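Below is one structure, written out as structure tokens; comments come after it.
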Amino acid sequence: MLKKYTTFCFLLLVFSFANLNAQTVQSGPMVGYSTMKEVLLWIQTTEEADVYFKYNEKGKSEKFQSKTVKTEENTGFIAKIIITGLQEGKEYEYTPYINGKAFKPGYEMSFQTQTLWQWRKDPPPLSFAAGSCFYVNESEVDRPGNPYGSNFEILTSIHKDNPDFMVWMGDNTYLREADWNSRSGIFHRYTHTRSLPELQPLLANTHHYAMWDDHDYGPNDADRSYWGKHITQEAFNLFWGNLNTGIIDGEGVTTTFPWQDIEFFMLDNRWFRSANHDKNFDNREMFGQKQLLWLREALVNSHASFKFIVMGGQALPENPRFERYSTYQKERAQFLEMLKDINVPGIIILSGDIHHTEMNKMERDGFYPLYEISVSSLTAGIYGLKEPYNNKYLLEETIVNEHNYGIFTVTGPRKERVLNIKIKGVNGDLKWEKNITAEELSVKR
1 MLKKYTTFCF
11 LLLVFSFANL
21 NAQTVQSGPM
31 VGYSTMKEVL
41 LWIQTTEEAD
51 VYFKYNEKGK
61 SEKFQSKTVK
71 TEENTGFIAK
81 IIITGLQEGK
91 EYEYTPYING
101 KAFKPGYEMS
111 FQTQTLWQWR
121 KDPPPLSFAA
131 GSCFYVNESE
141 VDRPGNPYGS
151 NFEILTSIHK
161 DNPDFMVWMG
171 DNTYLREADW
181 NSRSGIFHRY
191 THTRSLPELQ
201 PLLANTHHYA
211 MWDDHDYGPN
221 DADRSYWGKH
231 ITQEAFNLFW
241 GNLNTGIIDG
251 EGVTTTFPWQ
261 DIEFFMLDNR
271 WFRSANHDKN
281 FDNREMFGQK
291 QLLWLREALV
301 NSHASFKFIV
311 MGGQALPENP
321 RFERYSTYQK
331 ERAQFLEMLK
341 DINVPGIIIL
351 SGDIHHTEMN
361 KMERDGFYPL
371 YEISVSSLTA
381 GIYGLKEPYN
391 NKYLLEETIV
401 NEHNYGIFTV
411 TGPRKERVLN
421 IKIKGVNGDL
431 KWEKNITAEE
441 LSVKR
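Residue 28 in the UniProt record's numbering sits at position 28 of the sequence shown; the count goes up by one each step and never skips.
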């Protein structure tokens with residue numbers, strides 16, 4: 001009897017320590033950027049704690065340990081640790097340790113490094129998820145009435161699709177009136193959204209990259225005049241693990257990254273933005289000249305099969321509604337002319353913001369067609385698109401007026417790559433599917 005009682009007490013002690021450790025983790029872990037030799041791991045604790053990670057290559061027993069980082073209140077109790085010395089093209093398992101105790105939430109925690117395929121073989125197949133407009137309810141500060149956020153099980157569907165990485169295209173959290181006038185309010189909102197239970201498995205074994213739009217930058221339709229943008233810049237950079245940020249002289253959160261043979265150019269449409277409703281201002285701009293010059297040169301220097309320009313709002317539709325690029329007609333014309341001028345292959349635009357999904361195709365005389373896929377919304381309220389559409393570029397069969405996400409897959413030999421686009425509903429059900437070949441987006445000489 002004494003032996004059974006001792007065993008019971010031991011198990012109770014083990015479970016108590018495990019539960020205590022779980023209570024110390026606020027959100028995460030999350031897998032950030034990946035390169036051939038290093039990745040970024042992220043986790044948030046509820047209080048000051050010493051954090052490190054142990055990891056091993058899948059199928060091998062030898063374990064390695066990262067450096068230790070102390071989380072602090074001033075930086076949201078966040079630990080961002082770069083794991084170095086990795087081997088290219090490998091998959092790894094990892095475990096976070098909080099104050100020396102392993103955190104084991106019961107779902108897979110893994111990351112991968114990119115493959116060294118150049119000069120050796122065809123690039124491997126890859127897949128990524130894309131979405132925007134992620135609203136998590138908090139009734140105490142939300143507007144009265146029906147909750148604006150719903151269908152959070154969509155995150156489980158994305159997780160089941162097992163993409164290599166996910167691209168968050170803006171409005172990845174929604175700052176409320178109670179949030180955007182204080183640093184503590186902004187950090188609370190980012191923490192509250194990141195802590196959603198349904199989100200955690202997706203964070204833990206899919207790499208994540210992000211760009212913001214107005215709601216994670218500041219108030220609705222916010223522009224460069226928003227006084228708190230340096231605070232939201234700080235919060236954004238703490239809560240995401242992009243490969244780089246603020247590459248336009250440290251301003252904003254513009255970022256770029258490669259994955260195998262494709263490349264992303266994620267534009268900040270808030271930091272440099274003129275006031276939306278100041279129509280009489282001569283030099284209206286959304287991206288600004290510095291950012292557009294960087295984009296031009298980065299595209300010219302890229303050898304990627306597909307070059308994805310990512311932005312919070314829509315670029316191609318000409319009808320100047322809402323926050324489309326067409327409300328900044330002069331700069332939009334400059335942007336489109338620049339794409340013709342440099343005439344590099346493989347450009348595709350990805351965008352969010354509009355609370356429904358659609359695909360646009362702009363035919364260009366003497367140039368390959370320009371596609372834009374707008375994917376929205378993940379969980380925020382739906383704004384269904386209705387006739388008349390007043391958009392000559394719209395592919396009407398691609399309209400999705402419900403919560404959805406995109407799964408993009410790139411396959412095929414180096415010179416014959418094919419992009420497959422699937423738009424899926426809350427439960428992973430297919431809404432539509434299309435292919436774009438690298439050949440279709442080749443330069444006509």
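Think of the CB as a built atom: it goes at the ideal place given N, C-alpha and C, for glycine as much as any other residue. Just so you know, these numbers come straight off a predicted model, no measurement behind them.
One Cα belongs to D353, the other to K60, and the distance between them is close to 43 Å. A Cβ-Cβ distance of about 7 Å is found for the pair L370 and L339, placing them in contact under the 8 Å criterion.
Exclusion of the five residues before and after M362 leaves L316, P369, L370, Y393 as the residues of its chain whose Cβ lies within less than 7 Å of its Cβ. Within the same chain, Cβ atoms closer than 8 Å to the Cβ of Q260 are found at Q114, T115, W117, P123, P124, L126, V410, the five residues on either side in sequence being excluded. DSSP places F264 within a strand segment (E or B) once states are collapsed to three.
When DSSP states are grouped into helix, strand and coil, Q200 belongs to the helix group.
Within its own chain, the residues whose Cβ lies closer than 7 Å to the Cβ of G288, once the five positions on either side in sequence are excluded, are F272, listed in chain order.
Between K54 and the set H356, V25, M109, R176, the nearest pair of CA atoms involves M109. Judged by their CB atoms, Y405 and A210 are not nearer to each other than the 8 Å cut-off.
Between the segment 303-323 and the segment 425-434, the count of C-beta pairs closer than 8 Å stays below three; the two stretches do not touch.
Taking a C-beta distance under 8 Å as the contact criterion, E88 and K37 qualify as a contact pair. Judged by DSSP secondary structure, A210 falls within the beta strand (DSSP E) whose first and last residues are 207-210.
For H159, the closest C-alpha among the options Q334, H208, F281 is that of H208. I348 and R270 have their C-alpha atoms roughly 21 Å apart.
For Y107, the number of other beta carbons within 10 angstroms of its own is below 16, and it is reported as exposed. Per DSSP, N56 lies in no alpha helix (DSSP H); the unbroken beta strand (DSSP E) holding it starts and ends at 49-57. Counting only runs that start and end inside the segment 145-189, the alpha helix (DSSP H) elements of at least 4 residues fall at 154-161. Contact check for D213 and N220: beta-carbon distance about 10 Å, past the 8 Å limit, so the pair fails to qualify. Under the 8 Å Cβ criterion, the segment 67-80 does not count as touching the segment 132-147, having fewer than three qualifying pairs. As DSSP reads the structure, K434 sits in a beta bridge with I421. DSSP places A298 in the helix class (H, G or I) of the three-state scheme. In terms of CA proximity to G312, S374 leads the group S374, K330, P388. Contact annotation: N276 and D223 have beta-carbon atoms nearer than 8 Å. Within the DSSP secondary-structure output, G131 pairs in a beta bridge with W168. V51 sits close to I98, with the two beta carbons spaced by under 8 Å.
Collapsing the DSSP output to three states places Y226 in coil. If you draw a straight line from the Cα of L202 to the Cα of F165, it comes to about 10 Å. For E363, the enclosing beta strand (DSSP E) begins and ends at 357-364. The alpha-carbon of S150 is positioned some 12 Å away from that of E198. Counting the other Cβ atoms within 10 Å of the Cβ of D268 gives 16 or more, which makes it buried. Residue pairing for M30: DSSP places it in a beta bridge opposite W42. Between I247 and V300, the C-beta spacing is not below 8 Å.
By the neighbour-count definition (other C-beta atoms within 10 Å, threshold 16), A380 is a buried residue.
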